[in-house]
Amino acid sequence: MQNNSQALLLFFIGTGITMSLVGFIVYSILLYRRAKVTHLKEMEHLQNEHEKAVLATTLEIREESIQAVAREVHDNIGQVLSLASLHLSNLKTKYDNPESLTVVSELLNKGIVDLRQILNILDGSSFEKYSLSELLSSQITMINRIEGQNAELRIHGTEWILAESAKTILFRVLQESLTNAVKYANANNITVKMEYETEGLRISIVDNGIGISEQTLKVGRGLKNMEYRAKLLGANFNIESKTNLGTSITINYPLSS
34 MQNNSQALLL FFIGTGITMS LVGFIVYSIL LYRRAKVTHL KEMEHLQNEH EKAVLATTLE
94 IREESIQAVA REVHDNIGQV LSLASLHLSN LKTKYDNPES LTVVSELLNK GIVDLRQILN
154 ILDGSSFEKY SLSELLSSQI TMINRIEGQN AELRIHGTEW ILAESAKTIL FRVLQESLTN
214 AVKYANANNI TVKMEYETEG LRISIVDNGI GISEQTLKVG RGLKNMEYRA KLLGANFNIE
274 SKTNLGTSIT INYPLSS
C-alpha cells in the first residue's frame with residue numbers, strides 16, 4: 034500500500050514537472066516575441082549606429098537562447114522525464130522493488146536540476162548578471178555536451194568589468210565564432226583564451242577544423258559582420274585560416290575603448 038502511494042506521488046510529480054515546463058516555455062516564447070516588437074520599435078527611434086548594433090545584438094542573443102532552450106528540452110529534459118514516466122509505469126507490477134523507486138527519484142531530481150539551468154538561460158536579466166568569462170564558460174559547457182567535442186577556456190590575468198554594451202557585442206562575436214567552428218568547420222578541438230592586460234583584453238579562438246576558404250574570408254557576410262561589430266568597439270579583429278589546418282580568430286579590445 035505504501036509503495037502504491039509512493040508510485041502515485043512520483044507520477045504526479047513527474048507529470049507536474051512536465052506540464053510546468055511546457056507552460057513556462059510557451060510563456061517565455063510569448064515574452065520573447067513581445068520583447069522583439071518592443072526592440073524593433075526602439076530601433077526605429079535610435080540614431081546612433083553603435084546603439085543600434087548593441088540593440089540588434091541583444092535581440093540575436095535572446096533569439097539564440099530560445100533556440101538553445103528548445104534543443105535542451107528536446108534532447109535532455111524530455112528524455113529524462115520520459116524515462117521517469119517509464120519507470121513509474123513499470124512500478125505498477127513491481128511495487129515490492131524499492132530500487133525502482135530510487136531510480137525514478139534520481140531521474141526526477143536530474144530533471145529538476147536541468148530545468149533550473151534552462152531557467153537561467155531563459156532569464157533575460159541573467160545576461161547582465163554574468164561576466165564575459167562566465168558567459169563564455171557556459172558556451173564551452175554546451176559545446177562539450179556534444180559527443181566528441183573538446184572545448185576549453187583559459188583565462189590569464191585579473192578579469193576586469195566590461196561596459197555592458199562591450200560585453201554584449203564581444204559575446205555575440207565570440208558566440209558566432211564558436212558556432213561556426215562546430216557547425217561549419219567540423220572542429221572537435223577548440224581553445225578559447227582570454228588575456229587581461231593593462232592595455233586591454235586579448236581574446237583568441239583556435240580550432241582544428243577544416244578551415245575557411247579564401248573566398249569566404251574575403252566576402253563572407255558573417256565574418257564581415259563580426260569584424261564590423263568589433264570595430265564598433267574600437268577593437269581589432271583578425272582571422273587566419275588554412276584548408277584542413279584550422280582557424281584562428283583574435284580580438285584585441287583596448288582598455289581605452
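Going by the numbering used here, the residue at position 173 of the sequence shown is 206; the numbering climbs one at a time, nothing skipped. Think of the CB as a built atom: it goes at the ideal place given N, C-alpha and C, for glycine as much as any other residue.
Spatial neighbours of ILE282 in its own chain (CB-CB distance under 6 Å, excluding positions within 5 residues in sequence) are listed in chain order as SER210, ILE238 and ILE272. Shown here, LEU165 sits in a helix according to DSSP, grouped into three states. By the neighbour-count criterion, in which a residue is buried when 16 or more other Cβ atoms sit within 10 angstroms of its Cβ, LEU168 is buried.
In the three-state DSSP reduction, ILE176 falls in the helix class (H, G or I).
Setting aside the 5 residues that flank it on each side, THR224 is surrounded in the same chain by GLU185 and VAL239, each with a C-beta closer than 6 Å to its C-beta; the list follows chain order.
Within the DSSP bridge table, the entry for MET227 names ILE188 and ILE236 as partners.
In this structure ASN183 is exposed. Its beta-carbon is surrounded by fewer than 16 other beta-carbon atoms within 10 angstroms. Counting along the chain, SER274 sits inside the beta strand (DSSP E) bounded by residues 269-274. Leaving aside the five residues that flank GLU232 on each side, the residues in its chain whose CB is nearer than 7 Å to its CB run, in chain order, PRO287 and LEU288. Listed in chain order, the non-local C-beta contacts of ARG187 below 8 Å within the same chain comprise THR224, VAL225, LYS226 and MET227, local neighbours out to five positions each way being set aside. In the DSSP assignment, ASN285 falls within the unbroken beta strand (DSSP E) covering 280-287.
Counting along the chain, the unbroken alpha helix (DSSP H) around TYR261 starts and ends at 254-265. For ASN241, the closest C-alpha among the options THR276, GLU260 and LEU207 is that of THR276. The C-alpha of VAL252 lies about 10 Å from the C-alpha of ASN258. Between ILE284 and ILE245, the gap from beta carbon to beta carbon reaches 8 Å or more.
Rounded to whole angstroms, ALA220 and VAL206 show a C-alpha spacing of 18 Å.
Counting of Cβ neighbours within 10 angstroms places ARG262 among the buried residues, the total reaching 16 or more. In this structure, ALA218 keeps its C-beta atom at 8 Å or more from the C-beta atom of ILE179. Out of ARG67, ASN222 and GLY255, the CA that lies nearest to the CA of GLY279 is found in ASN222. Burial state of ILE194 is exposed, judged by a 10 Å Cβ sphere holding fewer than 16 other Cβ atoms. Around the beta carbon of ALA196, fewer than 16 other beta carbons sit within 10 angstroms, so the residue counts as exposed. Comparing alpha-carbon positions, the option among LEU250, GLU247 and LEU203 lying closest to LYS264 turns out to be LEU203. Straight across, the Cα-Cα distance linking HIS189 with LYS216 is about 28 Å.
Just so you know, the alpha carbons of ALA199 and SER170 end up roughly 18 Å apart. Within its own chain, the residues whose Cβ lies closer than 7 Å to the Cβ of GLU230, once the five positions on either side in sequence are excluded, are GLY190, listed in chain order.
Annotation: the continuous alpha helix (DSSP H) that includes ALA199 extends over 197-216.
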